[in-house]
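Sequential numbering of the sequence shown, starting at 1, is according to this note's numbering. Where is the CB? At the ideal position from N, CA and C, for every residue including glycine. Have a look at the structure below before the remarks.
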Amino acid sequence: MAEVATLQGLYEEAKAKNLALDMTRGKPGSEQLDLTLPMLDLVTSSDYKTAAGADPRNYGGLDGIPEAKELFKEFLEVSSTDEVIVGGNSSLTLMHDTVARCMSHGTASSSTPWGKLEKVKFLCPSPGYDRHFAICEHFGIEMITVENVNNDLDIAKIEELVAADDSIKGMWVVPKYGNPTGTSVADEVVDRLAKMNTAANDFRIFWDNAYTVHHLSDDVDVIKNLFEVAKAEGNEDRVFIFGSTSKITFAGSGMAGMGGSVKNMDWMRSHLNISTIGPDKINQVRHMRFFGDFAGLQQHMVKHAELIKPKFEVVISILEEKLGGRGLASWTNPKGGYFISLDTNQGCAKRVVALAAEAGVKLTAAGATFPYKNDPRDTNIRLAPTLPSIDEIKQAMEIVCLCVELADAEKNA
Ligand code: PMP
1 MAEVATLQGL
11 YEEAKAKNLA
21 LDMTRGKPGS
31 EQLDLTLPML
41 DLVTSSDYKT
51 AAGADPRNYG
61 GLDGIPEAKE
71 LFKEFLEVSS
81 TDEVIVGGNS
91 SLTLMHDTVA
101 RCMSHGTASS
111 STPWGKLEKV
121 KFLCPSPGYD
131 RHFAICEHFG
141 IEMITVENVN
151 NDLDIAKIEE
161 LVAADDSIKG
171 MWVVPKYGNP
181 TGTSVADEVV
191 DRLAKMNTAA
201 NDFRIFWDNA
211 YTVHHLSDDV
221 DVIKNLFEVA
231 KAEGNEDRVF
241 IFGSTSKITF
251 AGSGMAGMGG
261 SVKNMDWMRS
271 HLNISTIGPD
281 KINQVRHMRF
291 FGDFAGLQQH
301 MVKHAELIKP
311 KFEVVISILE
321 EKLGGRGLAS
331 WTNPKGGYFI
341 SLDTNQGCAK
351 RVVALAAEAG
361 VKLTAAGATF
371 PYKNDPRDTN
381 IRLAPTLPSI
391 DEIKQAMEIV
401 CLCVELADAE
411 KNA
């Protein structure tokens with residue numbers, strides 16, 4: 001009890017500072033957005049054409065201008081531009097619309113609309129990305145939580161589930177520097193995902209490679225190419241790959257793309273043809289002039305890393321200093337991406353987030369990283385360090401750590 005009282009005293013002192021700090025969402029900081037400002041000057045009223053001299057102002061170019069498709073071919077790691085669609089500004093929209101089309105019209109492998117079936121289920125490796133789960137909820141897709149093991153997919157469980165149940169039509173994966181773990185899938189997991197037997201012949205993996213080039217240093221995670229392995233196994237139609245430049249150029253005005261087999265991309269093009277007469281090609285010209293090519297894009301990411309890495313380092317060093325070796329929490333130490341996952345002892349995460357909010361530090365809601373916002377053990381908290389300044393992160397993390405101590409002490413009192 002004495003410990004709780006001491007910690008409560010410290011907590012009241014922290015509260016009295018009336019802070020207003022936000023570590024909820026993975027948004028780029030303003031210095032990161034500033035890196036891209038020169039892009040706005042690269043298309044002018046007298047100079048706006050594509051590399052081949054085509055006019056981007058009118059309708060058309062349904063799946064992107066050639067140089068943008070070339071860039072996304074490398075970005076999404078597919079082998080031809082026929083396997084690529086460059087869409088609007090948001091990969092989340094592409095994911096949502098892909099699910100919507102499967103629900104309303106079926107897939108390229110089966111004309112039965114998923115929405116006509118009695119039940120449609122998705123596997124949701126967790127902790128995962130809340131907006132993936134929101135898409136499932138929106139369409140009435142039943143989510144099956146598959147908890148990660150050692151911050152990687154529980155591939156044995158996934159294999160068992162998809163082999164036994166043909167109403168399992170899809171799964172979400174953020175394969176590299178995941179949201180929220182910051183960790184990446186192992187080669188063996190990629191192999192097994194590509195090869196596994198699925199009861200559904202129209203099963204799809206939504207491979208959301210949102211953070212594929214978002215390294216913090218030159219010590220990078222390299223993941224095996226799922227699409228290539230799936231192709232070799234004759235399973236290429238099970239893979240939809242997604243990505244965007246939202247965290248490379250402007251989060252609200254980037255370029256998004258998807259990749260997959262020619263059969264899948266032709267299926268998507270036939271649907272796109274109904275919903276649009278073409279994407280914003282002027283934005284694609286602007287982006288391609290800015291990057292030059294994929295190597296140029298990768299170079300640009302080095303500048304982001306210089307800005308973000310110190311922010312991640314502050315979070316990790318305060319966690320280590322305050323909580324290290326005390327049995328109160330564990331956390332990931334990612335080599336890239338936008339998030340750090342903090343796991344408290346069982347039954348503490350909600351309390352930590354509530355305590356932090358009361359002390360002026362907003363964190364992503366506890367539970368948000370699980371389907372139906374239900375973290376079965378109430379342990380996971382997503383930390384998003386990119387938006388606040390280093391000074392704000394320091395203040396916020398001191399409070400988060402204090403809240404972890406207090407919540408744990410309260411529980412054991
Ligand atoms: N996928 C993941 C895993 C993300 O973390 C995010 C952004 N938080 C997105 C997709 C959203 O991407 P976009 O801006 O391209 O819609």
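Asked                                                                                                            : Found
Terminal residues of the alpha helix (DSSP H) in which residue 263 lies                                          : 262–275
Delimiting residues of the beta strand (DSSP E) encompassing residue 125                                         : 121–126
Beta strand (DSSP E) runs wholly inside the stretch 7–85, at least 3 long, in chain order                        : 21–23
Assumed close pair residue 365, residue 399 - CB separation to whole angstroms, cut-off 8 angstroms              : So it is not a contact: roughly 17 angstroms between Cβ atoms.
Reduced DSSP secondary structure (H/G/I, E/B, other) of residue 287                                              : helix
Residue 169 - DSSP class collapsed to helix/strand/coil                                                          : strand
Residue 336 CB to nearest heavy atom of the ligand PMP below 8 angstroms                                         : no
Per DSSP, the bridge partner or partners of residue 256                                                          : 244
Cβ distance (whole Å) where residue 425 is taken to contact residue 180 below 8 angstroms                        : Because residue 425 is not part of the residues shown, which for the chain are 1 to 413, the question remains open.
Simplified DSSP assignment, three categories, for residue 187                                                    : helix
CA-to-CA distance, residue 126 to residue 377, given in whole angstroms                                          : 12 angstroms
Three-state secondary structure assigned by DSSP to residue 280                                                  : coil
Any non-hydrogen atom of the ligand PMP closer than 8 angstroms to residue 21 Cβ                                 : no
Segments assigned beta strand (DSSP E), at least 3 residues, entirely inside the stretch 291–360                 : 329–331, 340–344
Coarse secondary structure for residue 204, derived from DSSP in three states                                    : strand
Endpoints, the beta strand (DSSP E) within which residue 209 is located                                          : Run containing residue 209: none; DSSP gives neither H nor E here.
Any non-hydrogen atom of the ligand PMP closer than 8 angstroms to residue 93 Cβ                                 : yes
Segment contact flag, the stretch 205–216 with the stretch 31–40, C-beta cutoff 8 angstroms, min 3 pairs         : no
Any non-hydrogen atom of the ligand PMP within 8 angstroms of residue 208 CB                                     : yes
Selected residue, minimal CA-CA separation from residue 336, among 32, 183, 230, 97                              : 183
Beta-carbon proximity check, residue 224 vs residue 173, cutoff 9 angstroms                                      : no
For residue 383: DSSP bridge partner residues                                                                    : 340
Residue 148 Cβ short of 8 angstroms to the ligand PMP heavy atom set                                             : no
Where the beta strand (DSSP E) containing residue 146 begins and where it ends                                   : 142–147
Endpoints, the alpha helix (DSSP H) within which residue 370 is located                                          : It is not in any alpha helix (DSSP H) - residue 370 carries neither H nor E in the DSSP assignment.
Short CB-CB distance (under 9 angstroms) between residue 303 and chain D                                         : The structure shown contains no chain D; it holds only a single protein chain.
Residue 345 CB to nearest heavy atom of the ligand PMP below 8 angstroms                                         : no
Residue 283 Cβ short of 8 angstroms to the ligand PMP heavy atom set                                             : no
Inter-residue spacing [alpha-carbon to alpha-carbon] between residue 59 and residue 86                           : 15 angstroms
Nearest neighbour of residue 255, chosen from 50, 21, 89 [CA to CA]                                              : 89
Rounded straight-line distance, which links the Cα of residue 260 to that of residue 237                         : 7 angstroms
Validate contact between the stretch 95–112 and the stretch 124–142 using beta carbons, cut 8 angstroms, 3 pairs : yes
Pair within 9 angstroms by beta-carbon distance, residue 323 and residue 222                                     : no
Whether residue 131 touches residue 384 by CB criterion (9 angstroms)                                            : no
Residues near residue 153 by beta carbon distance below 8 angstroms, same chain, minus five either side          : 125, 146, 173, 185, 189, 193
Residues that DSSP places opposite residue 363 in a beta bridge                                                  : 23
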